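In this note's numbering, the protein residues as written are 2 to 784.
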């Protein structure tokens with residue numbers, strides 16, 4: 002109790018500086034609690050989304066079992082732009098009860114999610130895709146997230162094709178999660194590094210505010226007979242109390258933000274208010290972990306007082322940094338350089354010890370960048386102080402030469418964060434390379450019947466589309482007219498040799514424009530005999546405009562889709578199979594595999610696009626594919642593009658990961674800069690006597706400002722530049738270990754340098770107001 006009363010008395014008597022220190026520590030703890038709660042609640046949000054999907058999903062009745070209220074349903078998974086759009090078609094003789102107290106819509110009615118209701122009011126093209134009257138809004142029990150596009154459509158029983166009898170709602174198994182476990186753990190680690198590490202440095206900087214006077218007071222208590230344990234307890238009371246109050250405030254702020262911002266959410270992630278409530282374990286971790294961390298930080302600062310109170314009381318000058326500090330950095334850079342320069346044939350570094358070596362190199366480099374910083378700062382200060390022509394440079398350099406540890410305390414957190422940022426960027430690039438398709442070109446396909454008015458020429462004008470072609474399947478005669486042999490089927494591509502070359506692995510051989518050509522893949526697949534007449538639909542009168550299955554018949558001739566009417570009308574163009582051939586090689590999983598003919602573009606009229614399949618080629622990047630999907634949604638609302646080799650869920654997952662990565666990086670940069678400003682304030686308080694003495698002997702304030710700028714630029718730049726280079730090397734070594742990224746990301750390197758320049762400017766502007774404006778004799782009584 003004596004220690005508690007004494008600690009309370011010291012806190013009350015600390016004055017304005019003590020109150021500012023207490024307020025800043027509470028603010029840092031509040032930010033830490035809010036960020037920690039957000040990181041720990043992320044798996045809970047994703048799990049709640051999965052549970053909602055499980056409980057609301059309808060399932061078919063078992064064989065022989067009656068349907069629920071005689072209803073039948075069909076689930077259609079589509080997309081609107083880059084967002085998933087789920088339509089549940091339901092036909093019931095009566096009113097079927099849905100989860101959440103809603104009832105199934107009648108024929109011609111719609112029950113839609115809140116966001117889909119707003120889109121229907123704003124997008125006329127979407128109303129064409131979802132005809133009917135909006136009869137209500139779906140309750141939260143039928144939605145996985147507030148921003149989901151989900152609709153129940155009431156239809157007649159005869160209009161429900163491929164429907165199944167409704168057995169009920171709620172699956173017996175969990176649907177796939179939005180993020181897999183590996184990606185989720187990677188995100189949690191990156192957010193912890195980007196947010197919790199800067200916050201720990203912020204708390205450490207706040208704890209050092211007015212540290213010199215506080216340590217002298219504790220040293221006096223120690224000299225008067227107080228035990229070392231009581232001294233440590235006395236010093237830990239203030240940071241522990243501030244951290245506890247800040248953690249409680251941070252949890253309250255997080256709960257309020259999660260409740261009010263859930264419906265807005267983040268791009269790719271929205272939640273219901275109840276899903277984001279912090280768990281009991283999260284609350285306990287924040288309320289106990291943050292004060293414990295503050296106590297450990299304060300304990301590290303009082304070790305010198307508890308062990309050597311006389312040295313702390315007399316303010317012994319700091320020792321010069323040892324040259325052995327450079328060994329961890331040299332060893333870490335050597336290991337990372339080895340992993341980067343010596344890859345194996347498979348793309349991974351040779352040897353089974355590559356992963357432990359990578360971890361050891363990253364740890365040694367990260368520690369070495371900070372440990373070697375005082376040595377670099379002292380050497381740079383000595384070099385700058387050799388030029389006596391500028392008094393500002395001389396004053397700014399001498400301070401760093403005599404006390405390089407002060408510069409380290411002010412910028413060590415920023416240096417470590419920049420290094421971690423470079424490493425995390427390498428990890429992020431490797432994850433993106435693994436999530437995206439390996440081929441440089443991405444193919445998309447859509448049925449021409451679902452995109453009225455669109456043709457290959459118009460698709461080429463959409464943003465992000467590199468090439469577009471039309472494939473049409475020939476009209477097959479009825480089986481009764483060809484009793485003795487199987488009908489000949491073929492798929493033709495309408496385009497030029499240049500169009501064909503955009504869809505092949507290598508340029509086609511023997512291709513000439515202006516005449517039909519057979520496309521020979523060289524794998525022995527049968528081709529139509531030369532001279533055979535094939536009839537292709539034009540789509541003018543509607544004959545032959547039924548949807549074909551695009552299947553492959555028994556002779557191995559395949560099709561990419563399109564229409565295959567029943568033939569015989571004037572709406573078809575007859576083409577004789579030529580004898581000239583072009584040799585083509587299709588890429589793996591090409592949507593045009595099996596195309597047997599190349600026809601000039603003017604062989605069929607523009608209306609033939611409604612009877613075939615339109616295939617697009619774009620760059621295989623997430624941003625480009627999302628831009629193309631958005632353009633297609635605006636140009637053809639009723640079309641459902643098919644991404645060959647890419648799952649749209651993967652694009653949504655990449656968008657969510659990008660959002661969380663960007664948010665964590667921005668928050669980490671803000672907190673790190675704030676921690677640097679607090680550390681700069683601490684250094685300014687320590688330099689008050691020195692600045693006052695210089696002012697007393699007549700040094701102009703303009704010279705002192707210039708010296709402050711020189712000191713900030715000199716030592717902050719001395720730490721940031723090696724951190725940027727070491728972080729880039731660590732990220733590149735990780736990419737070489739992953740084997741998926743084989744080039745440096747120079748634009749990202751330039752952006753990091755620009756961000757460091759901006760941080761340097763902010764640090765200079767924040768350091769200038771810290772100079773004293775008056776002469777206090779009490780500050781120089783010892784000098």
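Built from N, CA and C at the ideal position, the CB exists for glycine as well.
Computed from a predicted model, the values in this text were never measured in an experiment.
{"Item": "Cβ of residue 630 within 8 Å of any heavy atom in the ligand ZN?", "Value": "No copy of the ligand ZN appears in this structure; indeed no ligand is present at all."}
{"Item": "Can you tell me whether DSSP reads residue 174 as helix, strand or coil?", "Value": "coil"}
{"Item": "Within 10 Å of its beta-carbon, does residue 356 have 16 or more other beta-carbons around it, so buried, or fewer, so exposed?", "Value": "exposed"}
{"Item": "Between the C-alpha atoms of residue 503 and residue 465, what's the straight-line distance to the nearest angstrom?", "Value": "15 Å"}
{"Item": "Residue 112 and residue 99: beta carbons closer than 9 Å?", "Value": "yes"}
{"Item": "Between the segment 271-282 and the segment 140-147, are three or more C-beta pairs nearer than 8 Å?", "Value": "yes"}
{"Item": "Taking the beta strand (DSSP E) that residue 81 belongs to, which residues open and close that run?", "Value": "73-81"}
{"Item": "Tell me the DSSP secondary structure of residue 752 in three-state form.", "Value": "helix"}
{"Item": "Can you tell me the Cβ-Cβ gap for residue 449 and residue 612, rounded? I've got them flagged as a contact below 8 Å.", "Value": "6 Å"}
{"Item": "If distances are taken between C-alpha atoms only, which option among 75, 738 and 35 comes closest to residue 251?", "Value": "35"}
{"Item": "Just to confirm, are residue 587 and residue 499 a CB contact at a threshold of 9 Å?", "Value": "no"}
{"Item": "Alpha helix (DSSP H) containing residue 700: first to last residue?", "Value": "Counting along the chain, residue 700 falls outside any alpha helix (DSSP H), and DSSP gives it neither H nor E."}
{"Item": "Just mark residue 493 as buried or exposed, buried being the case when its beta carbon has 16 or more other beta carbons within 10 Å.", "Value": "buried"}
{"Item": "State the Cα-Cα distance for the pair residue 530 and residue 599, rounded to the nearest angstrom.", "Value": "15 Å"}
{"Item": "Exposed or buried, which one is residue 129 when buried takes at least 16 other CB atoms within 10 Å?", "Value": "exposed"}
{"Item": "For a quick check, are the C-beta atoms of residue 592 and residue 444 less than 9 Å apart?", "Value": "yes"}
{"Item": "In the DSSP assignment, the beta strand (DSSP E) including residue 616 goes from what residue to what residue?", "Value": "614-620"}
{"Item": "I need the straight-line Cα distance from residue 277 to residue 258, nearest angstrom please.", "Value": "10 Å"}
{"Item": "Thinking residue 446 and residue 614 are a contact (beta carbons under 8 Å), I'd like their distance in whole angstroms, please.", "Value": "6 Å"}
{"Item": "Are the CB atoms of residue 585 and residue 514 within a distance shorter than 9 Å?", "Value": "no"}
{"Item": "DSSP three-state call for residue 443: helix, strand or coil?", "Value": "strand"}
{"Item": "Comparing C-alpha positions only, which one of 20, 292 and 423 sits nearest to residue 31?", "Value": "292"}
{"Item": "To the nearest angstrom, report how far apart residue 627 and residue 431 are at their CA atoms.", "Value": "20 Å"}
{"Item": "Which residue marks the beginning of the beta strand (DSSP E) containing residue 495, and which one marks its end?", "Value": "492-495"}
{"Item": "Excluding sequence positions up to five away, which residues of its chain have a Cβ less than 8 Å from the Cβ of residue 353?", "Value": "Only weak support is given to the placement of residue 353: the predicted model assigns it a pLDDT of 48, under 50, and the value that follows is read from those uncertain coordinates. Excluding sequence neighbours, residue 353 sits near nothing in its chain."}
{"Item": "Does residue 418 pass the burial test, meaning 16 or more other C-beta atoms within 10 Å, or should it be called exposed?", "Value": "buried"}
{"Item": "Is DSSP giving residue 67 helix, strand or coil here?", "Value": "coil"}
{"Item": "Can you grab the Cα-Cα spacing for the pair residue 702 / residue 383, in whole Å?", "Value": "24 Å"}
{"Item": "Between residue 267 and residue 666, which are expected to be in contact by the criterion C-beta below 8 Å, what is the C-beta distance as a whole number of angstroms?", "Value": "With a Cβ gap of about 14 Å, residue 267 and residue 666 do not count as contacting."}
{"Item": "Considering only DSSP beta bridges, list what residue 591 is partnered with.", "Value": "BP columns for residue 591 are empty, so no partner."}
{"Item": "Distance check for residue 601 and residue 334, CA to CA, integer angstroms please.", "Value": "59 Å"}
{"Item": "Can you tell me whether DSSP reads residue 603 as helix, strand or coil?", "Value": "helix"}
{"Item": "In three-state DSSP terms, what is residue 546?", "Value": "In this predicted model, residue 546 has a pLDDT of only 39, less than 50, meaning its place in the structure is not dependable; the value taken from the coordinates is given anyway. Note: residue 546 maps to coil in three-state DSSP."}
{"Item": "Going along the chain, which residues of its own chain have a beta-carbon closer than 6 Å to the beta-carbon of residue 861, five neighbours each way excluded?", "Value": "Past the edges of the chain, shown from 2 to 784, lies residue 861, and the structure says nothing about it."}
{"Item": "Find the nearest neighbour of residue 394 within the set 237, 452 and 709, judged by alpha-carbon distance.", "Value": "709"}
{"Item": "Between the Cα of residue 385 and those of 714, 10 and 765, spot the shortest distance and give me the residue it belongs to.", "Value": "714"}
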